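Chemist:
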Amino acid sequence: MHVSGSLSRAQIADFLTDDPIPIRLGCRTPAGELWMLSMWYRHRESDDTDDEWVLECATNADAKVVTYLRESPDVAFEVSTNRPPYRGVRGRGTATIDPDPDKTVLRALLERYLGGTDSELATNLLKEDRTEVTITISPSTVYGWNFADRMGDTGRSE
405 MHVSGSLSRA QIADFLTDDP IPIRLGCRTP AGELWMLSMW YRHRESDDTD
455 DEWVLECATN ADAKVVTYLR ESPDVAFEVS TNRPPYRGVR GRGTATIDPD
505 PDKTVLRALL ERYLGGTDSE LATNLLKEDR TEVTITISPS TVYGWNFADR
555 MGDTGRSE
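Heads up, the sequence shown is in our numbering, so the first residue is 405 and it goes up one at a time.
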């Protein structure tokens with residue numbers, strides 16, 4: 405993975421782990437059109453190598469994005485704050501789709517973004533008859549930035 409920008413690899417990993425901001429994921433439809441959506445994600449060290457990491461999302465197996473990524477697995481992504489001073493991570497990579505019958509990733513995302521599984525949304529997403537998959541994004545290029553030095557007096561970061 406190629407890393408550039410004003411954030412180190414460790415700072416990028418910390419940002420992706422600490423801030424529960426949805427990922428904006430860009431891909432192509434089977435017709436070749438661009439498609440973008442926001443999803444919950446988690447940052448996880450890769451099983452393949454010690455110095456690489458992946459981003460994992462969860463969705464229903466019937467979601468359009470699953471069809472799109474199976475057809476064309478190349479993606480672009482961004483995770484960034486919405487209020488100044490802006491900071492974030494963007495990049496590109498490849499997505500893979502794997503079944504998640506135990507909804508392991510979904511449960512982790514519910515904990516990360518909602519603080520638990522005790523909500524109506526969580527109950528609906530965790531229904532036994534819902535078929536869940538994991539979208540794993542393996543970044544090839546990552547760029548991290550933090551504009552706090554030049555935007556420090558413009559507001560608070562999320």
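By construction, the Cβ of each residue, glycine as well, lies at the ideal position given by its N, Cα and C atoms.
Note that the coordinates shown come from a computational prediction; the quantities given were computed from them, not determined experimentally.
1) When you compare each of D422, G492, T463, D478 to R448 by their alpha carbons, which one comes out closest?
2) Evaluate L514 with the Cβ neighbour count: other Cβ atoms within 10 Å of its Cβ, from every protein chain shown; 16 or more gives buried, anything less gives exposed.
3) How long is the line joining the alpha carbons of P503 and Q415, rounded to whole angstroms?
4) Can you give me the C-alpha to C-alpha distance between R487 and I425, rounded to a whole angstrom?
5) Measuring CA to CA, which of T485, E536, T521 is closest to R494?
6) Using the rule of at least 16 other Cβ atoms within 10 Å of the residue's Cβ for burial, across every protein chain shown, is M440 buried or exposed?
7) I think R511 touches T500, with their Cβ atoms under 8 angstroms apart; what is that distance to the nearest whole Å?
8) Sort out for me which residues DSSP pairs L501 with in a bridge.
9) E562: buried (16+ other C-beta within 10 angstroms of its C-beta) or exposed?
10) Following the continuous alpha helix (DSSP H) through N528, name the residue where it begins and the one where it ends.
11) Given P477, which residues of its chain have a CB within under 7 angstroms of its CB, disregarding the five upstream and five downstream residues?
12) Could you give the C-beta distance for T540 and E460, rounded to a whole number, given that I count them as a contact under 8 angstroms?
13) Would you call the CB atoms of G409 and Y547 closer than 8 angstroms?
14) By the 10 Å Cβ neighbour count, where 16 or more other Cβ atoms means buried, how is V446 classified, buried or exposed?
Modeler: By the coordinates alone:
1) D422
2) buried
3) 31 angstroms
4) 12 angstroms
5) T485
6) exposed
7) With 8 angstroms as the limit, R511 and T500 do not qualify as a contact, their Cβ atoms being about 20 angstroms apart.
8) Checking the displayed sequence, the identity of residue 501 turns out to be Ile instead of Leu. DSSP, once it has assigned bridges, lists I539 as partnering I501.
9) Unreliable placement is indicated for E562, whose pLDDT of 46 sits below 50; the coordinate value is still reported in the next sentence. Exposed.
10) 524 to 529
11) T498, A499, T500
12) 5 angstroms
13) yes
14) Inspection of the sequence shows that residue 446 is occupied by Arg rather than by Val. Flag for R446 reads buried.
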